[in-house]
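Student: Quick one: this structure, given as structure tokens, is what I'll be asking you about.
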Amino acid sequence: MLGFRTMNRGLFNLLLRWIVLAVGVMLAARIIPGIKYDTAGTLIVVVLVMSFFNAVLRPLLILFTMPLIVFSMGLGVLAVNALLFYFVGEIIQGFEVASFWSALGGSVIVSVTSMVMNRVVRGVKLQAADEPKKRPPSGKGDVIDI
Numbered sequence: 006m007l008g009f010r011t012m013n014r015g016l017f018n019l020l021l022r023w024i025v026l027a028v029g030v031m032l033a034a035r036i037i038p039g040i041k042y043d044t045a046g047t048l049i050v051v052v053l054v055m056s057f058f059n060a061v062l063r064p065l066l067i068l069f070t071m072p073l074i075v076f077s078m079g080l081g082v083l084a085v086n087a088l089l090f091y092f093v094g095e096i097i098q099g100f101e102v103a104s105f106w107s108a109l110g111g112s113v114i115v116s117v118t119s120m121v122m123n124r125v126v127r128g129v130k131l132q133a134a135d136e137p138k139k140r141p142p143s144g145k146g147d148v149i150d151i
């Protein structure tokens, strides 16, 4: 039973990350003039491809650009995120990222959206964790009292 709950929690967290990413991309498309998507289906594909790139390509790019990231005091990560955002715009039909600067703005908006929404979700989880846990009466639990 524990494995099933863990799997459900993992699936829920993955879906939550996809929703947060979708909200970030939608906000970026509304705020940044050079970012557009055609349909909700395109948005779903963009979210899936961005998630894949963030899981596979982003760690490699960060590893290879580590000297730039260190030299720029972390700002190089924004450039890596912008490159991935721009690349997704190049390969997905119906998702347009006009320039590197649009991609940079979009990646900043997605990052800020993700940060804010993760804090909200974490706050909800903390409130649920604050509820007192019920313990079995002393001597009647699974632990043998010595």
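Just so you know, we're using this note's numbering here: the sequence shown kicks off at 6 and counts up by one.
Quick reminder that beta carbons are idealized off the backbone N, C-alpha and C, glycines included.
1. To the nearest angstrom, how far is it from the Cα of L26 to the Cα of F76?
2. Kindly identify the DSSP beta-bridge partner or partners of Y42.
3. DSSP on L109, reduced to helix/strand/coil?
4. May I ask you to check if the CB of L65 is nearer than 7 Å to at least one heavy atom of the ligand GDP?
5. For a test of the three-state rule: what should DSSP assign to L53, helix, strand or coil?
6. Run through DSSP, which three-state label would L1 get?
7. If we count Cβ pairs, one from each stretch, closer than 8 Å, do we get three or more for the stretch 82–91 versus the stretch 60–73?
8. Would you tell me roughly how many angstroms separate the C-alpha atoms of M71 and S116, rounded to the nearest one?
9. Nearest by alpha-carbon distance to M122: which of V28, V102, K41, G99 is it?
10. Suppose you measure from the CA of T47 to the CA of G79; what does that come to, to the nearest Å?
11. Got a sec? Which residues, its chain only, sit under 6 Å from D43 by beta carbon, not counting five neighbours each side?
Tutor: Taking the structure as given:
1. 28 Å
2. F100
3. helix
4. The ligand GDP is absent from the structure shown, which contains no ligand whatsoever.
5. helix
6. No answer is possible for residue 1: it lies beyond the span of the chain, which begins at 6 and ends at 151.
7. yes
8. 20 Å
9. V28
10. 31 Å
11. G99
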